[in-house]
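Just below is one structure, and these are the notes that go with it.
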Amino acid sequence: MGDHLEKGQHALLNEGDENEMEIFGYQTQGCRKALCLVGSIFSLGILPLVFYWRPAWHVWANCVPCSLQEADVVLLKTTDEFKTYSWKKVMWISLSALSRTSGLTPDHPLITDEEYIINRAIRKPDLKVRYIKVQKIRYVWNNLEGQFQKIGSLEDWLSSAKIHQKFGLGLTSEEQEIRRLICGPNAIDVEVTPIWKLLIKEVLNPFYIFQLFSVCLWFSEDYKEYALAIILMSVISIALTVYDLRQQSVKLHHLVESHNSITVSVCERKAGAQDLESRLLVPGDLLILTGSRVQMPCDAILIDGSCVVDEGMLTGESIPVTKTPLSQMASSAPWKMQTEADPRRHVLFCGTEVIQARAAGSGTVRAVVLQTGFNTAKGDLVRSILYPKPMNFKLYRDAIRFLLCLVGTAAIGMIYTLCVYVLSGEPPEEVVRKALDVITIAVPPALPAALTTGIIYAQRRLKRKGIFCISPQRINVCGQLNLVCFDKTGTLTRGGLDPWGVVPCDQNGFQAVHSFASGKALPQGPLCAAMASCHSLILLDGTIQGDPMDLKMFEATKWEMTISGDDFHIKGMLAHTVVVRPTDSVGQVPVEGLAILRQFPFSSALQRMTVIVQEMQGDRLAFMKGAPERVASFCQPDTVPSSFISELQMYTTQGFRVIALAYKKLESDCPATALMREKVESDLIFLGLLILENRLKEETKPVLEELISARIRTVMITGDNLQTAITVARKSGMVSEGQKVILVEANEATGSSSASVSWKLVEDKKHIPLENQDNYINIREEVPDHGREGSYHFALSGKSFHVLSQHFSSLLPKILMNGTIFARMSPGQKSSLVEEFQKLDYFVGMCGDGANDCGETNSLSNYQFLFQDLAITTLIGVTMNLNGANPKLVPFRPAGRLISPPLLLSVIINILLSLAMHVVGFVLVQKQPWYLMELHSVCTMRNENISAIITSPNVPEKNRSHSPFSSFENTTIWFLGTINCIIVALVFSKGKPFRQPTYTNYIFVLVLILQMGVCLFILFADIPELHRRLDLLCTPVLWRVYILIMISSNFVVSFAVEETIIENRALWLAVKRCFGYQSKSQYRIWQRNLANDSNWPPLNQTSCSDMQGVSYSNPVFESNEEQL
67 MGDHLEKGQH ALLNEGDENE MEIFGYQTQG CRKALCLVGS IFSLGILPLV FYWRPAWHVW
127 ANCVPCSLQE ADVVLLKTTD EFKTYSWKKV MWISLSALSR TSGLTPDHPL ITDEEYIINR
187 AIRKPDLKVR YIKVQKIRYV WNNLEGQFQK IGSLEDWLSS AKIHQKFGLG LTSEEQEIRR
247 LICGPNAIDV EVTPIWKLLI KEVLNPFYIF QLFSVCLWFS EDYKEYALAI ILMSVISIAL
307 TVYDLRQQSV KLHHLVESHN SITVSVCERK AGAQDLESRL LVPGDLLILT GSRVQMPCDA
367 ILIDGSCVVD EGMLTGESIP VTKTPLSQMA SSAPWKMQTE ADPRRHVLFC GTEVIQARAA
427 GSGTVRAVVL QTGFNTAKGD LVRSILYPKP MNFKLYRDAI RFLLCLVGTA AIGMIYTLCV
487 YVLSGEPPEE VVRKALDVIT IAVPPALPAA LTTGIIYAQR RLKRKGIFCI SPQRINVCGQ
547 LNLVCFDKTG TLTRGGLDPW GVVPCDQNGF QAVHSFASGK ALPQGPLCAA MASCHSLILL
607 DGTIQGDPMD LKMFEATKWE MTISGDDFHI KGMLAHTVVV RPTDSVGQVP VEGLAILRQF
667 PFSSALQRMT VIVQEMQGDR LAFMKGAPER VASFCQPDTV PSSFISELQM YTTQGFRVIA
727 LAYKKLESDC PATALMREKV ESDLIFLGLL ILENRLKEET KPVLEELISA RIRTVMITGD
787 NLQTAITVAR KSGMVSEGQK VILVEANEAT GSSSASVSWK LVEDKKHIPL ENQDNYINIR
847 EEVPDHGREG SYHFALSGKS FHVLSQHFSS LLPKILMNGT IFARMSPGQK SSLVEEFQKL
907 DYFVGMCGDG ANDCGETNSL SNYQFLFQDL AITTLIGVTM NLNGANPKLV PFRPAGRLIS
967 PPLLLSVIIN ILLSLAMHVV GFVLVQKQPW YLMELHSVCT MRNENISAII TSPNVPEKNR
1027 SHSPFSSFEN TTIWFLGTIN CIIVALVFSK GKPFRQPTYT NYIFVLVLIL QMGVCLFILF
1087 ADIPELHRRL DLLCTPVLWR VYILIMISSN FVVSFAVEET IIENRALWLA VKRCFGYQSK
1147 SQYRIWQRNL ANDSNWPPLN QTSCSDMQGV SYSNPVFESN EEQL
């Protein structure tokens, strides 16, 4: 339905974004709406319930398709694998009130200017705006482009010059009012959901609707006690869920409400600065930042001055981050793409705290509001909590299919029941009740508890180990991980970097290393000054704060940090400038102090940072620090020692972290704020190397060894130097002794030459001359023998990964199959790499700094149902999952699907064994000499011979007080079925290799013992009242022994089958080989292909792209979550 689309009815919302959706236009039709109302009444509310579960059906039933421009209802469908539907009403905003107060007319310049989306959304001449609200975000109808577009943010196409020109002086009051009406309030409002709403939403869950239907049916069949017990279980389950949801709603509300009512200073174009409530902010407003400890109520672009910000709320790391102003460039390119630096260094994010705001000169610190409300970074974080991405694990899909199989089996049973009862001449109402009764027992009442307790217990076990999970559904599939990516610094190695020494250089090359362990003072000069000033440290409340590495570097100089005061006068220096100066312990120094005038902050994309400093009564200087190869590329070639590569390699091969330092003199007549970064970072003089020690954590090697022994691939993704990463990989055991490391180096196309990629074997000791500044790895010329798969590892940089992705995408999966070391990777490249591994069907983890048998139950009575479902099944389901995970990993994965052959065979065999046992019991009881259809107990005649009982004329006649369910067949089947539930629970309770032995689950074992004890007590106790309550008949002791023998035999056979067949891994591997089964996972296919390729890897070769590139695509690709 709805396949035929009218012109303009369909479009894409948020095209290209993660939350992309298809949008369809519909118009409500009165006659259709009336018919749906009548259907809702006659269906007794079932039709609205179906519409609640299927939003698309609601729209298709009530509306007719139309263009989006004419629509009053839109249907939304996500473009991901879930294809989730929702619908929204189209609403209107009227600007007529502004036309009366502010004199706005359709011809007003603010309305006719159609450069911005806000103006294009205003319909003329009635001054109205159409919009929809989807997941807290407003989308207005762009009349010019004919589509819905997000509002509440500045346009992405704006250049830095346009931002300064348009918003540098603030908005007029009229512009502010228009934007407030259209964009809505700047607030992240998370209302506390009323309990009645949560209750209704939970009750309308399909499972509880099914339970309601079942309970009503059971009441009609006089199963009052059982029905009441199920109602009690459901009420408790609903209450706990509603309570949990309510608590989450309250916590989230309290978390965000404090940032919704902040007073800020806003510059209005005509009225100047004025205090304003933060809810009234709109995109384009000009904020004036004063003082310190200011909470940001929105996302804003810094255009004047600098700020030090604590972004711990967003990143989790409370390290001060320096923000620099967006410079006004002549380029018309979007402001985010004007430089290669990270544009986030100009953005103050909502929810972060401005620790320090420093104005440029005598001006103020100004920032333009970029995004408001739920459009902000914090708002996006809150929306991800409110609207989490649904899971689509195959494990859960298999569970749904299992339930459908139960329903299908029950449907067959229902048809059989209908036939039997109709042929036996039962009343129609009785036939219908019995047929429906078979359907109700298809889904066990304890199923929700059994499905959720496992996740709850796993969360608790993880929490006890200090591990917190924000996506509990993923816990069930963590056992499928077969590749783990590690960051290096702080993860494989210790978090802190300790200065080990410096290697200064002059015109003669590198000098002797200065070791900090010697205790000698660092020689004073430009190198020491660079270490003392080239950082992002700040002085806050008398304490130096900032990046730990910067802090260690500064402390090694034995200098001190102060804030400029009356004793430090430099022309053009700002008030409260950070000043560093040597302490008395340093001795004689060439400078009295350095004032840090300006910073170009470090970013992982640039791999460097630069500062402009002013010597007291001296020169103005620029200092740079960063990745050695990057810093060297900005230096005058004659200042870089010829032994640069070999010196660098000497330390990186030992696992040291190496930072290069450089400087230059600047002209003092130009203000520091006016200097462009490109001019400052040119023709530098190379100063030397700072050597930092970064040792492996004690637990790194054992953990990696355990993962490798469990056949879980380990990969390193780091932003550090490539040679350092290779060394750490070797020392940690990620690359074993005897295994080769092959350097993959890819270069972009230059001029007429196309992009190229080369493969070179990394040698540990052999030194070679410098070839280029990006390649400083020792290369071995000879080609080794091609060994088994896994005997070599690829190492490459972020630059090479980018080139491979762009020009050699057909080679990328081959390289990823043995790619182990990825260095100089930016955060974006790290995410891309993980996605590429997922495309190969790897289950990737990232570690860095989240049934009842219908044939049998049809004959059971009220209390028999109650005992089986509550006393047996529910307790087993709740306690079985208490078994913890095995602390040692094994080299194979548990089954990832419920329909895997071993699991299916296990279930089928146990069903057949159980069925055989029940059939034997049912047949044998009828062949017993004491069996009589009119006899309801043999216990009263227990002292007489059985044969006498049969022939005696004094046999008790049928006791009318007995339930119609009472019979020897029912008694035998109930005992067999109930005790068999306990037996199956014990057989199915898996221990090693993935979980701890079953006997360590003390509560579960105790429950089984108690349950078995109660069942045996009922079996052998001759208590008439107990038998009457459970609708059981007393049988001879010998028959009870027979029942135990049948159950014991079933247990022995089940256990033997489980251990010798189901858990026999060698047997299943032999079966796979016999039938030629091969894994269809992409990485397995590539492994097989590469194992048969004698030309792979192509050592000491260089390949060029064909300019057009070859794109690798996986036509059957689904995400790893889809594969589970």
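In this text, residue positions in the sequence shown follow the numbering used here: the first is 67, and each later residue adds one. No residue lacks a Cβ here, since even glycine has one placed at the ideal position from N, Cα and C.
Asked	Found
Would DSSP call Lys763 helix, strand or coil?	coil
Closest to Val504 by CA distance: which of Arg743, Ile478, Trp262 is it?	Ile478
Are the beta-carbon atoms belonging to Gly352 and Val413 less than 7 angstroms from one another?	The residue asked about is misnamed: residue 352 is Leu in this sequence, not Gly. No.
Where does Glu681 sit, in a helix, a strand or coil, going by DSSP?	strand
Three-state secondary structure (DSSP) at Trp119?	helix
With which residues is Cys571 paired in a DSSP beta bridge?	Phe576
Can you have a look at Ala693 and say buried or exposed, based on whether 16 or more other CB atoms are within 10 angstroms of its CB?	buried
Any idea what DSSP makes of Asp376, helix, strand or coil?	strand
State buried or exposed for Arg796, treating a residue as buried only when at least 16 other CB atoms are found within 10 Å of its CB.	buried
If you compare alpha carbons, which of Thr307, Leu311, Val360 is closest to Ser327?	Val360
Is any beta-carbon of chain D found at less than 7 angstroms from that of Thr418?	In the structure shown, chain D cannot be found, because there is only a single protein chain.
Expressed to the nearest angstrom, what Euclidean distance is found between the alpha-carbon atoms of Gly608 and Thr628?	9 angstroms
Go through its chain and collect everything with a Cβ distance to Leu502's Cβ below 6 angstroms, but skip five positions before and after it.	Leu283
Keeping to the same chain, check which residues put their C-beta closer than 7 angstroms to that of Ala961; ignore five residues upstream and five downstream.	Pro968, Leu969
Measure the C-alpha to C-alpha separation of Val989 and Thr939 and round it to an integer number of angstroms.	26 angstroms
Three or more C-beta pairs under 8 angstroms: does that hold for the region 149-163 against the region 110-125?	yes
Determine the closest residue to Val431 out of Leu368, Pro400, Thr145, with distance taken between C-alpha atoms.	Leu368
Below 8 angstroms on the Cβ atoms is my guess for Pro656 versus Ser775; work out the distance and round it to an integer in Å.	In fact, because the Cβ distance is near 57 angstroms, the residues do not count as touching under 8 angstroms.
Using three-state DSSP, classify Glu626 as helix, strand or coil.	strand
What does the Cβ neighbour count give for Trp119, buried or exposed, with the cut at 16 atoms within 10 Å?	exposed
For Leu1092, which residues from the same chain have a beta carbon less than 7 angstroms from its beta carbon, with the 5 sequence-adjacent residues on both sides left out?	Ile1084
Quick check on the burial criterion: 16 or more other C-beta atoms within 10 angstroms. Buried or exposed for Leu113?	buried
For Ser863, which option in Glu323, Asp786, Glu241, Val374 has the closest C-alpha, if you only look at C-alpha atoms?	Asp786
Counting pairs of Cβ atoms below 8 angstroms between the region 390-400 and the region 307-317, do you hit three or more?	no
Give me the residue from Leu484, Lys618, Gly1142, Phe285 with the minimum Cα distance to Leu758.	Lys618
Cβ atoms of Asp613 and Ile304: under 7 angstroms apart, would you say?	no
Quick one: measure Cβ to Cβ for Met800 and Thr780, integer angstroms, because I've assumed they're closer than 8 angstroms.	5 angstroms
Tell me where the beta strand (DSSP E) around Thr144 begins and ends.	139-144
Please list the terminal residues of the continuous beta strand (DSSP E) segment that includes Arg686.	686-692
Could you tell me the distance, in whole angstroms, from the CA atom of Thr171 to the CA atom of Leu224?	27 angstroms
Trp158 bridges to which residues according to DSSP?	Arg196
Less than 8 angstroms between the CB atoms is what I'm expecting for Glu241 and Leu164, so what's the real figure, rounded?	About 11 angstroms; that fails the 8 angstroms criterion.
So, Ser866 versus Cys1170, is the Cβ gap smaller than 7 angstroms?	no
If you check the beta carbons only, do Val746 and Ala688 fall under 7 angstroms apart?	yes
Is the beta carbon of Val1053 sitting closer than 7 angstroms to the one on Ser1120?	yes
With a 10 Å radius around its C-beta and 16 neighbouring C-beta atoms as the bar for buried, classify Ala337 as buried or exposed.	exposed
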